[in-house]
Amino acid sequence: MCIGDDCNDEGTDRRSFLLGATATLATLTVLQGDEATAQTKAPVTRVLDDPTIQHGRVVFKHNGIDGIEGYLARPKAEGVYPGVLVIAGNKISEEYIPNTCAALAVAGFVGLAPNIYHPLPGDTPSNNAAYSKFIANHTELDILDDIQAGASYLRAQTFVAPGGMGIVGFCFGGRLAMLYGARSREIDAVVAFHPGVMKANEIKRLKVPVQIHHGTADESVAAAESQKLEKMLKAQGIPAQLFLYENANHGFLAYTRPFYKPEAATLAWARATEFLHKHLK
């Protein structure tokens, strides 16, 4: 399916954080068993089959040379819509990431998830040697440049509104959303799900509203970190909201994970899209 304007366009420290996230994902995979089997009905937040949107893989250029893959979703109806970047904590091939882009399209946005593990294919296993080498050698600054390439691609689409864009991130992707929001003047709103440890100097240039979501039972990133982050942001005069979800664990929005919590996921997503509509004109 053609979803871009040019269908032929080929266009704590970070290592510890990513290795921890990889270990967490492995643990979650082992735990899936009975809980995953128990979900016999389609998850309430899954919208990939919604007939009002179109979505699929895109490839865009980085520095005019490298091709970075991404996943883009937009409303089928003609018009222009605010652009929103989606930053995964792991791989964009995990279905809840394309679904997040699709859910943004259902809500009236254009969602793009760039593969932040470029140049690895989006489905490279986390225990792959190339994946480990990537984590060791691809810095946060490199990833932020990749996100910038995604933002430039999104901005170039004729169906994307000319105003500010939003950014939504999960886990390490939530941290990157904060960092990119501090770096880019194109971002008008940041939504971060359990973003982890942030330092004041990393977000001192951040000027836009931030919304944070965190489960109180998160076993990977303590909810206290998001509470500290909220205080830091407010101390800098940045409008910040923190929503805590009782008994929700890490990845509660991801229906592909064992700790998916439908009620919390539905509420968090409603809050996130309302926030984005408010700040993206």
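Numbering-wise, the working numbering comes out as the position in the sequence shown, counting from 1, plus 4. We put the CB at the ideal spot given by N, CA and C, even for glycine.
State the CB to CB distance for the pair residue i and residue j, rounded to an integer number of angstroms; the pair is presumed to be in contact (CB under 8 Å).
i, j, result
"residue 79", "residue 109", "5 Å"
"residue 240", "residue 208", "7 Å"
"residue 120", "residue 101", "Actually they are not in contact, since the Cβ atoms of residue 120 and residue 101 sit about 11 Å apart, beyond 8 Å."
"residue 276", "residue 195", "5 Å"
"residue 118", "residue 266", "Not a contact, Cβ separation roughly 28 Å."
"residue 158", "residue 257", "Not a contact, Cβ separation roughly 22 Å."
"residue 145", "residue 199", "At roughly 18 Å, the Cβ-Cβ gap does not stay under 8 Å, so residue 145 and residue 199 are not in contact."
"residue 190", "residue 155", "6 Å"
"residue 70", "residue 142", "The Cβ separation is near 12 Å, so there is no contact."
With which residues is residue i paired in a DSSP beta bridge?
i, result
"residue 63", "73"
"residue 78", "58"
"residue 219", "249"
"residue 118", "74"
"residue 244", "214"
"residue 85", "164"
"residue 90", "172"
For residue i, I'd like the list of residues in its chain whose CB is within less than 6 Å of its CB, leaving aside the five on either flank, ordered along the chain.
i, result
"residue 217", "197, 247 and 272"
"residue 93", "25, 174, 175, 176 and 177"
"residue 23", "Model confidence at residue 23 stands at a pLDDT of 44, short of 50, so the residue's coordinates are unreliable; what they give is reported in the following sentence. Nothing listed; no residue qualifies."
"residue 230", "216, 218 and 246"
"residue 167", "285"
"residue 91", "173, 177, 180 and 181"
"residue 186", "207, 209 and 210"
"residue 236", "204"
"residue 225", "198 and 200"
Who are the near neighbours of residue i in its chain, counting only those whose CB is closer than 7 Å to its CB and skipping five residues on each side?
i, result
"residue 43", "In this prediction, residue 43 has a pLDDT of 38, which is less than 50 and means its spatial position is unreliable; what the coordinates show is noted afterwards. Excluding residues within five positions, none has a Cβ falling inside 7 Å."
"residue 220", "227, 248, 249, 250, 251 and 252"
"residue 223", "253 and 254"
"residue 103", "50, 51 and 52"
"residue 193", "170, 212, 213, 279, 280, 283 and 284"
"residue 112", "79 and 85"
"residue 124", "134, 135 and 138"
"residue 264", "47, 256 and 258"
"residue 99", "260"
"residue 61", "73 and 75"
What does a CB cutoff of less than 8 Å around residue i pick up in its chain, not counting 5 residues either side in sequence?
i, result
"residue 106", "51, 52, 54, 57, 59, 77 and 115"
"residue 10", "At residue 10 the pLDDT is 48, less than 50, meaning the model places this residue with poor confidence; the figure from the coordinates comes in the next sentence. Around residue 10: no qualifying Cβ."
"residue 238", "244"
"residue 270", "48 and 49"
"residue 83", "163"
"residue 81", "56"
"residue 129", "135"
Is any beta-carbon of chain D found at less than 9 Å from that of residue i?
i, result
"residue 134", "This model lacks chain D altogether; it includes just one protein chain."
Ordered list of alpha helix (DSSP H) runs contained in the segment 160 to 200, each at least 4 residues: 176 to 187
### Message
Three or more C-beta pairs under 8 Å: does that hold for the segment 242 to 261 against the segment 59 to 78?
### Response
In short, these stretches do not touch, since the Cβ pair count stays below three.
**Prompt:** Between the segment 136 to 155 and the segment 176 to 193, do at least 3 Cβ pairs fall closer than 8 Å?
**Reply:** yes
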